[in-house]
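A.B. asks:
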Amino acid sequence: MTERILIADDEKLIRWSLRKNLLSAGYEVLEAEDGQQALEMVEDEGADLLLLDIRMPHKTGLEVLAHMAEHNPEIPVVLMTAFSSVEGAVDAMKRGAFDYLMKPFNHDEVLLVVQKALHATRLQRELALLQQQHQIEFGTEDFVGKSEKMREVCRLINKIAASTATTVLVLGESGTGKDLAAKAIHYSSNRADQPFVNITCSALPEQLLESELMGHEKGSFTGARERKRGLFEVADGGTIFLDEIGDMAAGLQAKLLRILEEKSFRRVGGTKDLQVDVRIVAATNRNLEQAVREGAFREDLYYRLMVIPVDIPPLRERLEDIPLLITHFIDRFNVEFRKKTLGLTSDAMECCEQYGWPGNVRELRNVVERAMILENKEFLDLEDLPHALRAPFESFDGSGSTGRTGTAAFELPDGGYGLREMEQQMVRQALEKTEGNQSRAAELLDISRDSLRYKMRKFGMF
Ligand SMILES: Nc1ncnc2c1ncn2[C@@H]1O[C@H](COP(=O)(O)OP(=O)(O)OP(=O)(O)O)[C@@H](O)[C@H]1O
Ligand SMILES: [Mg+2]
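Heads up: the sequence shown at position 102 corresponds to 126 in our numbering, and the numbers run straight through without jumps.
(1) Is any non-hydrogen atom of ligand 1 found closer than 7 Å to the C-beta of Gly199, if you look at the structure I gave you?
(2) How is Met104 classed by DSSP in three states: helix, strand or coil?
(3) Closest by CA to Glu35, which one among Ile336, Leu237, Ile78?
(4) Within 10 angstroms of its Cβ, does Ala227 collect 16 or more other Cβ (buried), or is it exposed?
(5) If distances are taken between C-alpha atoms only, which option among Asp72, Gly120, Glu94, Val134 comes closest to Arg39?
(6) I need the straight-line Cα distance from Asp58 to Thr365, nearest angstrom please.
(7) Below 6 Å CB to CB, which residues in the same chain sit around Asp203 once its five sequence neighbours on both sides are set aside?
(8) By DSSP, does Gly262 sit in helix, in strand, or in coil?
(9) Is any heavy atom of ligand 1 found at a distance shorter than 7 Å from the C-beta of Gly270?
(10) With a threshold of 16 other CB atoms inside 10 Å of the CB of Val392, please say whether the residue is buried or exposed.
(11) Enumerate, from N- to C-terminal direction, the unbroken beta strand (DSSP E) stretches of 3 or more residues contained entirely within the stretch 247-327.
(12) Could you check where the beta strand (DSSP E) with Asn384 kicks off and where it finishes?
(13) Is the distance from the Cβ of Gly262 to the Cβ of Val302 below 8 Å?
(14) Threshold first: 4 residues or longer. Then list the alpha helix (DSSP H) segments lying entirely within the stretch 340-390, N to C.
(15) Within 10 angstroms of the Cβ of Glu170, are there 16 or more other Cβ atoms? Answer buried if so, exposed if not.
(16) Whose CA, out of Lys401, Asp438, Cys376, lies closest to the CA of Ala415?
(17) Measure from the alpha carbon of His240 to the alpha carbon of each residue in Ala116, Phe361, Lys252, then state which is nearest.
(18) Cα separation between Gln231 and Asp474?
(19) Among all residues, which have a Cβ less than 7 Å from at least one non-hydrogen atom of ligand 2, and in what chain order do they fall?
(20) Determine the burial state of Ser213: buried for a count of at least 16 other Cβ atoms within 10 Å of its Cβ, exposed for fewer.
(21) Need the endpoints of the beta strand (DSSP E) that Asp123 sits in, please.
(22) Give the secondary structure of Thr145 by DSSP, where H, G and I count as helix, E and B as strand, and everything else as coil.
(23) Just to confirm, are Val168 and Ala307 a CB contact at a threshold of 8 Å?
(24) Mapping the DSSP letters down to three states, classify His240 as helix, strand or coil.
(25) To the nearest angstrom, report how far apart Tyr441 and Glu407 are at their CA atoms.
(26) Taking all protein chains shown into account, do 16 or more other C-beta atoms lie within 10 angstroms of the C-beta of Tyr379, making it buried, or fewer, making it exposed?
(27) Lys83 to Ala32, Cα distance in whole Å?
(28) Check whether the Cβ of Val53 sits closer than 7 Å to any heavy atom of ligand 1, and report yes or no.
(29) My parser needs the beta strand (DSSP E) runs of 3 or more residues fully inside the stretch 166-223; what are they?
(30) Alpha carbons only, please: which of Gln61, Glu64, Glu67, Asp72 is nearest the one belonging to Arg52?
(31) Roughly how many angstroms lie between the CA atoms of Asp271 and Gln277, to the nearest whole one?
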């Protein structure tokens, strides 16, 4: 990314020579003739660094510096001064300027100071990002939520973390925070300094997953050239997170049950029982009860896992968490994308609170992320939200829409509204939201898959 430098000086010649110097070093350059204009340009176009003359009309360099220190402290300011006002410059350093340059300039020195200032701010930003990343990775990221339902979840997580329970099942729709919950359980337990091992059961074919989990002896199957320790051994003393447990193959389910009950297992091709002490946190967004009924999931394993279930409610059942989560993600992306967004307009917020969020917290995070990448606004507005979110809100003025599951009470506008047109829009949106997954689209519309297909044909969608 080319870095943008704003030069503010009332002398045209000085701006001209600085500009030439900075452009040839590969920077992007903006010019302002006075302090007021400089502030406006920072506001409108943004800058990574300010080169400020101290004596300027309208607002002096020191006034601009004071304003920047208060409103944009992360943008470094370098003051430029004629020889006679060195003391003013020293004073300015005390008030937060990064450095100062004496006129007439030595151009190499200008470049050096500019590089130093940009480098220092880049480091600061990277540090903030690293700290954030560290928090996410090590599960200390806050579980944001003040709704009674989320408080309940947090209380339960803390109790589990403090207990000796070795099996936990985390349930919830996609994007509700199951990964986060699993990490929270591990990192707030006394196992925190032992490994947290995360494996997605649906990602590997059965045989590979088995050898991944339990390890194998040399020569136990083609390709097993060495003895390999499995994750159960690696995670001894810590936690194994078995994600998407609902997709685990039947043969492995039986072996897992044995491990849970006997706390021991054998490597593939091995004859010795190995003892381990691991806590297993399993998670799924599937309806396991139904999978049991359909014979896809072992009933005995289901009951073994269900001893301690943690049920994370979908976002639409805890609307009061929405503003909090939005603020949380805005804070995070402000750091990551160097933005200064403060929040949402009340229209946009209302729209978010009325939406059903089928993709839950992950969808909300993506919506905020997308808006902040695309826009540079203090307050994100309706138009910055994806069409799918605001469409029902705009056409129906938001009145009376409860947002979901067939109970939505749309109000017919005075001018009327084409029913067929609306039906077509809803079908299209359901398919967009589910990326063409017809079963899920039918679920969203609360109709059968057959009638969805009938409607799609009616509207010439395939
Ligand atoms: N309560 C919360 N507070 C802050 N961030 C959250 C919260 N819940 C979820 N998130 C964030 O939302 C995103 C999705 O969460 P996560 O990956 O834990 O969902 P999941 O339930 O595991 O989804 P899937 O079923 O698709 O695996 C992550 O970026 C996570 O950090
Ligand atoms: Mg997950």
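We put the beta carbon where it would ideally sit given N, CA and C, even for glycine.
Computed from a predicted model, the values in this text were never measured in an experiment.
C.D. replies: Looking at the coordinates:
(1) Gly199: yes, Cβ under 7 Å from ligand 1.
(2) It is a strand residue.
(3) With distances taken between Cα atoms, Glu35 lies closest to Ile78.
(4) Looking at its Cβ environment, which holds fewer than 16 other Cβ atoms inside 10 Å, Ala227 is exposed.
(5) Ranking the options by Cα distance to Arg39, first place goes to Val134.
(6) So the alpha carbons of these two residues sit roughly 27 Å apart.
(7) Answer for Asp203: no residue qualifies.
(8) Looking at Gly262 - three-state DSSP - the assignment turns out to be coil, as it is neither helix nor strand.
(9) Outside the cutoff, so no.
(10) Of the other Cβ atoms in all chains shown, 16 or more fall within 10 Å of the Cβ of Val392; this residue is therefore buried.
(11) You should have 263-267, 303-308.
(12) Residue range 384-398 is occupied by the alpha helix (DSSP H) that includes Asn384, with no beta strand (DSSP E) assigned at that position.
(13) Note that the C-beta distance between Gly262 and Val302 is below 8 Å.
(14) As far as the stretch 340-390 is concerned, its whole alpha helix (DSSP H) runs of at least 4 residues are 345-361, 370-378.
(15) According to the sequence shown, residue 170 is Lys rather than Glu. Label assigned to Lys170: exposed.
(16) The option with the nearest alpha carbon to Ala415 is Cys376.
(17) Cα-wise, what sits closest to His240 is Lys252.
(18) Roughly 37 Å separates the two Cα atoms.
(19) That query returns the following residues: Lys202, Asp203, Asp267, Ala307.
(20) Ser213 counts as buried, since at least 16 other C-beta atoms from the protein chains shown sit within 10 angstroms of its C-beta.
(21) Element bounds for Asp123: 123-127.
(22) In the structure shown, Thr145 falls within a helical segment according to DSSP collapsed to helix, strand and coil.
(23) No, the Cβ-Cβ distance between Val168 and Ala307 is not below 8 Å.
(24) In the three-state reduction of the DSSP assignment, His240 falls in the strand class.
(25) Taking the straight line from one Cα to the other gives about 22 Å.
(26) Answer is buried; the Cβ neighbour count reaches 16.
(27) Their Cα atoms are separated by approximately 11 Å.
(28) Remark: the shortest separation between the CB of Val53 and any heavy atom of ligand 1 does not fall under 7 Å.
(29) Listed in chain order, they are 191-195.
(30) Arg is not the amino acid found at residue 52; the sequence shown has Glu there. Taking each of Gln61, Glu64, Glu67, Asp72 in turn and checking the Cα distance to Glu52, the smallest one comes out for Asp72.
(31) If you draw a straight line from the Cα of Asp271 to the Cα of Gln277, it is about 10 Å long.
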